[in-house]
Amino acid sequence: MTQEPGATLDRLIELRVFGRKPVTDVPPYSTSDSAADMVVRALARPPWRWMCLQSGRDWTFHWRQPMTNPDLDSSTISRYVTLITVTAPTRPLAICRAALKLVGPIGGDTDGGRKSRAAPGEPPSSGPAGKQG
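Encoded structure:
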């Protein structure tokens with residue numbers, strides 16, 4: 015994903031994630047941690063889960079879902095299927111890029127692209143994991 019932080023990306027988030035036509039100024043979703051947290055809250059629906067981690071200077075944001083039949087003796091991380099992973103230089107930018115990847119292209123399915131992201135036989139997943147807002 016090559017969207018750069020700034021007004022264009024923020025307006026795209028306003029349209030694609032919140033479903034509102036950006037007719038005036040919109041929050042700085044791609045540059046503000048608190049505004050980016052609004053994006054996560056708008057998309058996080060059970061049983062979807064998310065995780066945001068910093069490694070060095072980069073941030074990685076994951077959308078995950080629980081496995082259908084997890085091995086309860088395995089580690090927690092192996093009980094989930096990672097559906098979307100995006101790495102960016104800042105946390106807000108990683109969140110925004112992952113959100114656009116999750117909702118899919120304009121004109122995609124009406125479920126925000128989530129159906130097409132689920133593995134066969136897997137339920138969708140949500141809620142905070144990792145860095146929480």
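Take the sequence shown: its letters are residues 15 to 147, numbered as in my numbering. Built from N, CA and C at the ideal position, the CB exists for glycine as well.
If you draw a straight line from the alpha carbon of L114 to that of R30, how long is it in whole angstroms?
Their backbone Cα atoms lie some 7 Å apart in a straight line.
Do S82 and T99 have their C-beta atoms closer together than 8 Å?
The amino acid occupying residue 82 in the given sequence is Thr; Ser does not appear at that position. No, the pair does not count as a contact, with Cβ atoms beyond the cut-off.
Who pairs with T99 in a beta bridge, going by DSSP?
The partner list for T99 (beta bridge, DSSP) reads H76.
Starting from the Cα of P103, find the closest Cα among C66, P119, V117 and P41 and give me that residue.
Closest option to P103, Cα to Cα, is C66.
With 16 other CB atoms within 10 Å as the buried threshold, where does D24 fall?
With 16 or more other Cβ atoms within 10 Å, it is buried.
To the nearest angstrom, how far is the alpha carbon of T38 from that of A21?
If I take the Cα positions, the gap works out to 11 Å.
Who are the Cβ neighbours of Q68 in its own chain at under 6 Å, not counting the five residues just before and after it?
So the list is empty, once near-sequence residues are dropped.
Measure the C-alpha to C-alpha separation of S48 and L97 and round it to an integer number of angstroms.
Computed Cα separation, rounded: 24 Å.
Helix, strand or coil, according to DSSP, for R166 in the structure here?
Residue 166 lies beyond the stretch modelled for the chain, which goes from 15 to 147, so this question has no answer here.
Just tell me which of G118, T101, R34 and P80 has its CA closest to the CA of R71.
When only C-alpha atoms are compared, the closest one is T101.
Which value, in whole angstroms, describes the spacing of the CA atoms of P60 and Q79?
About 9 Å.
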